[in-house]
Structure formats: structure tokens, C-alpha cells
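For the sequence shown, the working numbering gives the first residue as 9, with consecutive numbering after it.
Positions of the beta carbon are idealized from the N, C-alpha and C atoms, including for glycine.
The structure appears right after this line, and notes come after that.
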Amino acid sequence: MMPNGYEMCWLDYKKHCDVDKNELSKWFSYICLFDPTDEFQVVKEELAIFVTDFLGFRPRFFKVFPKQGRHVLIGKLSDLPVEVNLDEQLSEEGFVLKYVKKQDAEFVIITGISAAGVLYGTFEFINRVRVGEDLRKLNVVSNPKIKLRFLNHWDNLDGTIERGYAGKSIFFSNNKILLNQRTKDYTRLIASIGINSVVINNVNVRHAALKLIEPAYLKRLSQLAQLFQRYGIKLFLSVSFASPIHLGGLDTADPLDERVKKWWKEKVKQIYDYIPNFGGFLIKADSEFNPGPHMYGRTQADGANMLAEALEPFGGLVIWRAFVYNCQQDWRDYKIDRAKAAYDIFKPLDGQFADNVAIQIKYGPMDFQIREPVSPLFGGMEKTNQILELQITQEYTGQQIHLCYLGTMWKEILDFDTFSKGNNSFVKRIIDGTLYGRKNNGIAGVANIGDDPNWTSHDLAQANLWTFGKLAWDPDEDVKKIVEEWIKLTFGDDELVVRNISYMLLNSREVYESYTTPFGLGWMVNPGHHYGPNPEGYEYSHWGTYHRANWEAIGVDRTSRGTGFTLQYHEPWRSIYDDIHKCPEELLLFFHRVPYNFKMKNGKTLLQNIYDLHFEGVEKVQEFIKLWDELEGKIDAVRFSRVKKKLQLQLEHAIEWRDVINTYFYRRTGIKDEKGRKIYP
Ligand code: GCV
């Protein structure tokens with residue numbers, strides 16, 4: 009526990025695994041730091057916290073090169089007094105951890121080309137020490153595969169967080185910007201998982217947030233940006249496309265209007281005067297009542313490029329969201345399919361976006377449901393920078409009350425083969441820039457943190473934040489390995505602790521899916537806050553999210569015979585999704601309208617599968633509780649009981665989901681559960 013009352017997740021250096029601290033101390037009594045340009049202040053700070061908390065003494069730093077003993081040696085590659093042979097080339101943010109013996113002295117070296125690289129290496133080094141890795145075997149070269157590794161915060165200036173489930177904003181309160189110890193600890197936390205870009209405010213830019221790019225806020229933002237910079241992070245802001253009207257007094261925000269262009273150019277210059285390392289803008293335009301270029305008959309490219317032109321001289325980026333769709337649909341209109349919108353709007357613009365524009369695309373064509381197919385826009389655009397948007401915050405996935413580890417889902421998305429350039433055209437190869445050779449690609453996660461003492465409300469939801477960073481650094485990394493490392497750093501390396509928590513995390517997404525909306529159904533939530541079951545909550549609304557269940561069938565026909573959504577995919581997906589017998593069953597109801605008595609691969613009907621999954625899902629939550637109970641006494645009492653309470657609540661709410669959904673279908677169809685379990689008539 010930190011002195012000011014909150015915890016530092018995986019960075020709490022007091023928790024530890026079974027390691028020989030006396031042996032380890034020998035490496036740390038004499039840390040050699042080569043820092044001619046004084047860039048490693050935060051590296052020093054981090055090591056000082058680590059050695060003090062973990063080993064129990066304050067380390068000393070020296071600039072001389074020792075001839076004897078064991079030492080940690082830190083510096084940029086170009087400044088090191090020893091030669092380090094590399095098996096792989098280092099990129100700007102990459103790092104090296106290497107054991108070297110030189111005559112009577114032994115060194116573990118942390119190095120990189122940039123200060124950020126050395127900092128990332130320091131965090132990784134500390135993690136490896138904490139889990140007891142043999143330092144004499146260290147030989148790591150690690151480069152981030154994805155260039156832009158974003159956290160997006162949906163924080164409002166009044167301190168609330170849109171879709172936030174872990175308290176209030178750590179950035180804003182009462183329309184003021186917060187800058188305190190917590191801001192610094194946040195920066196440490198996210199730098200430790202390799203995040204290099206942060207948007208601190210909500211994409212829905214309203215009220216005071218409209219003024220964030222005014223001098224009254226820019227001064228303080230520049231201090232925040234400086235803090236971020238010390239940890240290799242760039243500050244970005246969400247801005248309103250209508251800012252020239254709100255702030256500039258113009259009567260238009262038309263991107264082709266010369267006055268509008270001029271206004272943005274001057275505004276951008278002013279921002280850079282205050283914040284020389286400013287990252288750029290994130291824009292939600294023409295989306296859910298936010299203004300955009302469509303209002304003026306212009307394209308998304310016209311809008312994005314106008315801003316890009318203003319940012320270009322300063323090296324700034326425009327991150328432009330593809331979440332554009334008609335949110336005023338009539339539910340009676342069977343021709344419009346929201347799933348098709350992003351592709352229909354953006355695909356024709358491929359090649360028209362400026363080099364410093366990146367299109368940020370939600371992973372699925374709808375909106376962060378527990379299961380959706382991967383958006384066909386990945387693989388649809390070849391000449392456009394792309395950012396994959398994921399939701400770490402659990403809006404539709406249990407709101408940090410339910411255990412729902414998302415790493416397994418993200419891995420499936422990253423590993424999805426779009427076949428856009430033949431085999432192996434994976435999403436991860438699009439966003440790491442290797443498939444299409446574009447430069448400004450990335451990954452963005454909508455953050456799940458707030459000012460709760462444990463940052464994420466559910467302690468196990470910290471694993472989602474951790475995993476996001478790890479996959480952003482290396483989308484090829486194994487999720488099980490990522491999870492186990494997190495458990496060891498967070499709860500220690502007791503075998504049962506690692507086994508049980510790992511099992512719970514790795515299975516939790518399927519469990520949540522099974523008692524909520526399996527087979528790609530989605531959306532059966534209460535409108536507005538999106539928590540808890542409501543089978544027809546969105547059925548007659550204007551949001552374009554319908555399942556159209558009647559007495560004999562459910563689902564939307566999105567095949568070539570229906571809305572034509574499947575035609576947005578490359579072969580073989582187009583044919584696979586189009587065919588009810590070939591479509592992956594977990595997505596069946598996303599692509600097809602299916603009779604309840606449809607026979608599935610396991611020989612049972614669709615409806616019986618729905619009933620079974622809901623009963624089994626609840627049983628699995630009971631199993632999670634049993635597994636958690638086995639850990640009593642093996643992890644600290646505070647966190648044990650906090651998680652226990654969440655699991656009990658999850659069980660209660662899973663039962664509600666089970667009964668509401670099963671009852672809904674039973675009442676619709678009149679078909680009984682084969683096994684005669686309790687469903688309400
Ligand atoms: C920030 C969904 C959410 C909104 C969110 C929106 C978006 O519709 O419910 O809260 O707005 O997505 O991603 O822009």
C-alpha cells in the first residue's frame with residue numbers, strides 16, 4: 009500500500025516472488041549510470057524505488073567504470089564504456105538487457121538508443137529480477153513492434169468518466185487539470201507497459217472540454233506534457249470539429265473554408281507554443297451527435313486532411329475515428345445495416361488521407377460487444393494509416409464487476425487473417441506497418457482506470473491494462489505468458505496462486521459470453537448505462553442494433569442475400585461467413601438469421617445451446633469462486649476479500665442474466681429446456 013492510500017498494481021515492488029535477496033543485493037550496491045546529457049532522472053528514480061522497496065537499501069549511482077565485482081550498468085548504447093554485441097538491430101524505442109563479463113567484473117547492462125528505450129529496459133529488467141530470473145543468463149533485445157501505443161481516456165473535465173467503472177478522473181476535477189503524485193504514478197504505471205501516447209479527455213468533447221485548447225488550460229497542460237515526456241509519452245487531446253465556431257466565433261467549421269483553415273493553423277501554432285512536444289488531435293466527427301465534415305457536404309478525408317495540414321509543420325498527428333454511422337435509424341428499416349457503415353464511408357477514401365492522419369477503427373463493426381467479427385475495414389484499406397481501437401474499460405463486458413479478461417479476445421483480433429494480400433495478412437501486421445508499409449499505425453485502448461485506490465475497481469481488471477500494453481509492444485506475445493507474469497508481479501509466484509488466477513482469467517471471457525449473449529448476439533443490455541440483461545432494450549431504438557427475435561428465428565441476415573455485409577470481407581471469409589454451415593458458430597447470430605431449431609455442430613438445437621450455455625456459465629462463475637477461495641491466506645486479505653466480493657456480485661448478476669435471457673427465449677418460443685431446468689414460464 010502506498011503512503012497516500014492507493015496501490016501501484018504490478019509496480020508495487022514490495023510484493024515479491026521467491027528470490028534470494030542477499031545474492032541480488034550484490035548487483036545493486038554499485039549502479040553505474042552513464043548519463044552525459046542528464047536524461048536518466050526517471051531511470052534513477054525508478055531504480056531507487058525498486059532497490060529501496062525490494063531489497064531494503066538506497067542504491068548509489070556512480071559514473072566510473074568498475075574493474076571488479078557485480079554491477080548494473082546503464083546508459084545509451086553510444087555512451088557505454090563496454091562494447092555490446094547485438095544479435096538484432098535496435099529501434100528507437102527498443103532496449104537491450106545483457107550480461108557481460110569483463111575480466112574481474114560482471115555486468116548486467118541496460119541500454120538502448122534513446123532515453124525512452126533505456127527506461128523501458130529498466131522496467132523490464134526490474135520485472136525479471138522480481139520473478140527471479142538468472143541475471144547471468146540475461147540476453148534480450150526487444151523492440152516495440154507497433155509504433156503508436158495509445159491509451160484513450162474518456163474523462164470529462166467535471167471529473168466524471170464516460171464508461172468509467174473505477175471512480176473519478178485522475179486528470180480532471182471541477183473543470184481543473186489535476187497534477188499531483190497520482191499523475192506521476194499513473195505515468196510510471198503506463199510507461200512500465202510501454203505506452204507512448206495518451207489522450208486524456210473524452211472523444212465526446214463538450215462543455216468545458218471545448219476550451220482545453222485555450223491558453224487558460226494550455227499552460228497547465230504543458231506541465232503535464234513535460235511530465236509525460238520524461239517517461240517517453242506524448243500528450244494528445246480530443247478536440248471538437250466545431251471548435252472554430254465554439255472558440256473562434258466563426259459561423260462555420262467547413263473544412264474547405266479558408267477562414268476555418270486559418271483558424272486551425274493559428275490554433276495549432278498556439279498549442280505548440282505552449283507544448284512543443286504535443287502529439288496531436290483525436291477526433292470523433294460525424295458520430296453520435298458530434299459535428300463533422302459531413303455537415304458541410306465534405307468527406308471524412310476533407311475534414312481530417314484540413315487538420316493534418318495545420319499539424320504537419322510541427323510533426324503532429326490527426327487520429328480520426330472511423331466510428332461513423334447513422335445513429336438515427338428507424339428500427340422498421342431493414343435495409344440499413346450499421347455494421348456496414350464504417351467500411352462504406354472510409355473504404356472509398358483509401359489513399360486520400362494525408363500521411364499524418366491515422367484512421368482509428370474499433371475492432372468490430374458495431375461497438376465493443378463481447379464477440380464481433382473483426383471489422384472488414386482492416387484489410388479494406390491499403391493506403392491509409394490504421395489504428396486498432398480496443399476497449400479496456402468494460403462497458404459491455406461486465407463493467408469491472410464481472411471478471412472478464414480481454415487479452416484472449418484481443419489476441420484473436422490481432423491474429424485475424426484478413427487475407428487482403430494473401431495468406432498471413434494479419435491485423436497485427438497491418439497495425440505494425442509491415443503489411444502495407446505505412447508509417448503511422450498503432451493500437452489504442454480505452455482506459456479502464458479511475459481514482460479508485462486500486463485504479464481499476466476489480467483488482468483482476470488490472471490484468472487487462474497490463475495485457476494491453478504487452479500486446480501493444482509485441483502482438484505476437486503469448487497471452488498465457490503475459491498473464492502469468494502479471495500474476496507473479498502482482499500476487500507472487502505461489503504455484504496455486506498462479507494456476508488458479510491464470511485459469512480464471514484465461515477462461516473468463518467465454519464464461520461471461522456464455523451467460524450473456526453468445527453466438528455473436530450482443531446488445532441485450534439495459535439502454536444508457538449498458539449493464540444487466542434487457543433482451544429488447546435496444547430493439548425498437550434508433551441506434552441500429554437489432555436482433556429481431558420472433559417466435560421462430562433470431563439474428564440479422566448479413567449475408568450476400570441479406571444486408572450484404574459479408575461482401576466487405578476478402579475471400580475466403582466472404583464465403584465462410586455467408587454460409588450458415590461454415591460460419592464459425594461463435595458468430596452465427598451476427599451473420600445469420602437462424603431458426604431456434606437449427607441443428608448445431610454438437611447435434612443440439614440453437615435454442616438448447618443457448619439454454620445450456622446460460623446454465624453452464626453460472627456454474628463456471630461458481631467454480632471461479634471455489635478457485636478463488638482456495639487462495640485465502642496465500643494473498644493479502646484486503647485484495648482477497650475485495651475480489652471475493654466482486655465474484656459474489658458477479659454470480660448474483662450472472663444468475664439474473666441466465667434467468668432473464670432463458671425466460672425471454674422460452675416465452676418467445678414455448679420450447680422447453682430438454683433438461684427440465686428452471687426457466688420462468
Ligand atoms: C465515448 C459507444 C459508447 C459511448 C462512446 C462511443 C464512442 O457508443 O457507449 O459512450 O462515446 O461508443 O466510442 O465514441
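Exercise. Quick one: what does DSSP say Gln234 is sitting in, helix, strand or coil?
Worked result: Taking the sequence shown and counting its residues from 1, the one referred to as residue 234 is at position 226. Gln234 falls in the helix class under three-state DSSP.
For this session: Would you give the residue range spanned by the beta strand (DSSP E) that Glu114 belongs to?
Result: Taking the sequence shown and counting its residues from 1, one reaches residue 114 at position 106. First-last of the beta strand (DSSP E) with Glu114: 113 to 120.
For this session: Please name the residue or residues paired with Thr613 in a DSSP beta bridge.
Result: In the sequence shown, counting from the first residue as 1, residue 613 sits at position 605. In DSSP, Thr613 forms a bridge with Lys607.
Problem set entry | CA-to-CA distance, Ile82 to Leu41, given in whole angstroms | Reading the sequence shown from its first residue, position 33 is the one you call residue 41. Reading the sequence shown from its first residue, position 74 is the one you call residue 82. Distance between the alpha carbons of Leu41 and Ile82: 5 Å.
Exercise. Exposed or buried, what is Gly324 when buried is set at 16 or more other beta-carbons lying within 10 Å of its beta-carbon?
Worked result: In the sequence shown, residue 324 corresponds to position 316, counting from 1. Gly324 comes out buried.
Exercise. Just checking, does the stretch 181 to 194 make contact with the stretch 154 to 167 on the three C-beta pairs under 8 Å criterion?
Worked result: As far as the Cβ criterion goes, the stretch 181 to 194 touches the stretch 154 to 167, which means the pair count is three or higher.
Exercise. In chain order, what residues of the same chain have a beta carbon less than 6 Å from the beta carbon of Pro373, not counting five sequence neighbours either side?
Worked result: As a working note, residue 373 is residue 365 in the sequence shown. Correct list, in chain order: Ala347, Ser383.
Exercise. Alpha carbon to alpha carbon, what distance is there between Glu170 and Gln535?
Worked result: Working through the sequence shown from its first residue, we reach residue 535 at position 527. Working through the sequence shown from its first residue, we reach residue 170 at position 162. The question names Gln, yet the displayed sequence has Pro at residue 535. Going from the Cα of Pro535 to the Cα of Glu170 covers about 15 Å.
Problem set entry | Contact under 8 Å by Cβ, Tyr635 with Asn508 | What you label residue 635 is simply residue 627 of the sequence shown in a count that begins at 1. What you label residue 508 is simply residue 500 of the sequence shown in a count that begins at 1. Tyr is not the amino acid found at residue 635; the sequence shown has Leu there. Yes; because the gap between Cβ atoms is below 8 Å, this pair is in contact.
Exercise. Roughly how many angstroms separate the alpha carbons of Glu16 and Lys192, rounded to a whole number?
Worked result: Sequence index remark: in the sequence shown, residue 16 carries index 8 (1-based). Sequence index remark: in the sequence shown, residue 192 carries index 184 (1-based). Note on identity: in this sequence residue 16 is Met, with Glu being the wrong assignment. Between Met16 and Lys192, the alpha-carbon positions lie close to 11 Å from each other.
Exercise. For the 8 Å Cβ check, are there 3 or more pairs between the stretch 109 to 122 and the stretch 76 to 90?
Worked result: yes
Problem set entry | DSSP bridge partner residues for Leu159 (one or two, in chain order) | Against the sequence shown, residue 159 aligns to sequence position 151. Per the DSSP secondary-structure output, Leu159 pairs in a beta bridge with Val206, Gly453.
Exercise. Whose C-beta lies closer than 7 Å to the C-beta of Phe673 among residues of the same chain, with five residues either side of it excluded?
Worked result: Residue mapping note: residue 673 aligns to position 665 of the sequence shown, counting from 1. Taking Phe673 as the centre and dropping the five residues before and after it, the same chain places the C-beta of Leu615, Ile618 closer than 7 Å to its C-beta, in chain order.
Exercise. CB Trp531 to CB Tyr546, shorter than 8 Å?
Worked result: In the sequence shown, residue 531 corresponds to position 523, counting from 1. In the sequence shown, residue 546 corresponds to position 538, counting from 1. Yes; because the gap between Cβ atoms is below 8 Å, this pair is in contact.
Exercise. Between the C-alpha atoms of Val533 and Val206, what's the straight-line distance to the nearest angstrom?
Worked result: Here residue 533 is taken as the residue at index 525 of the sequence shown, counted from 1. Here residue 206 is taken as the residue at index 198 of the sequence shown, counted from 1. C-alpha separation (whole angstroms): 30 Å.
Exercise. By DSSP, does Lys634 sit in helix, in strand, or in coil?
Worked result: Counting from one through the sequence shown, the residue named residue 634 turns up at place 626. Helix.
Problem set entry | With 16 other Cβ atoms within 10 Å as the buried cut-off, status of Val651 | Taking the first residue of the sequence shown as 1, we reach residue 651 at position 643. Around the C-beta of Val651, 16 or more other C-beta atoms lie within 10 Å, and the residue is accordingly described as buried.
For this session: Compute the distance between the beta-carbons of Asn448 and Lys155, then report whether it is under 8 Å.
Result: Position 440 of the sequence shown, counted from the first residue, corresponds to residue 448. Position 147 of the sequence shown, counted from the first residue, corresponds to residue 155. Taking 8 Å as the Cβ cut-off, Asn448 and Lys155 qualify as a contacting pair.
Problem set entry | Heavy atom of the ligand GCV within 7 Å of Glu380 beta-carbon | Counting from one through the sequence shown, the residue named residue 380 turns up at place 372. No, the beta carbon of Glu380 sits no closer than 7 Å to any heavy atom of the ligand GCV.
For this session: Measure the C-alpha to C-alpha separation of Phe386 and Ile438 and round it to an integer number of angstroms.
Result: For this step, residue 386 is matched to residue 378 along the sequence shown. For this step, residue 438 is matched to residue 430 along the sequence shown. The alpha-carbon of Phe386 is positioned some 8 Å away from that of Ile438.
Exercise. How many Å lie between Ser583 and Ile57 at the Cα?
Worked result: Position 575 of the sequence shown holds residue 583. Position 49 of the sequence shown holds residue 57. Just so you know, the alpha carbons of Ser583 and Ile57 end up roughly 56 Å apart.
Problem set entry | Three CB pairs or more closer than 8 Å across the stretch 62 to 82 and the stretch 28 to 47 | yes
Exercise. Got a sec? Which residues, its chain only, sit under 7 Å from Asn313 by beta carbon, not counting five neighbours each side?
Worked result: Sequence index remark: in the sequence shown, residue 313 carries index 305 (1-based). Only Phe361, Ala362, Val365 meet the Cβ criterion.
Exercise. How about the stretch 127 to 146 and the stretch 212 to 229: do they share at least three Cβ pairs that are nearer than 8 Å?
Worked result: no
Problem set entry | Cα-Cα separation between Ser465 and Lys270, rounded to whole angstroms | Within the sequence shown, residue 465 is the residue found at index 457, counting from 1. Within the sequence shown, residue 270 is the residue found at index 262, counting from 1. In a straight line, the C-alpha of Ser465 is about 45 Å away from that of Lys270.
Problem set entry | Proximity test, Phe331 beta-carbon vs the ligand GCV heavy atom, cut-off 7 Å | The residue labelled residue 331 in the question sits at position 323 within the sequence shown. Under cutoff, so the answer is yes.
Exercise. With a CB to CB cut of under 6 Å and the five nearest residues on each side skipped, what residues in its chain are close to Ala349?
Worked result: Sequence index remark: in the sequence shown, residue 349 carries index 341 (1-based). Around Ala349: Tyr333.
Exercise. Does the beta-carbon of Asp587 have 16 or more other beta-carbons within 10 angstroms, so that it is buried, or is it exposed?
Worked result: In the sequence shown, residue 587 corresponds to position 579, counting from 1. That one is exposed.
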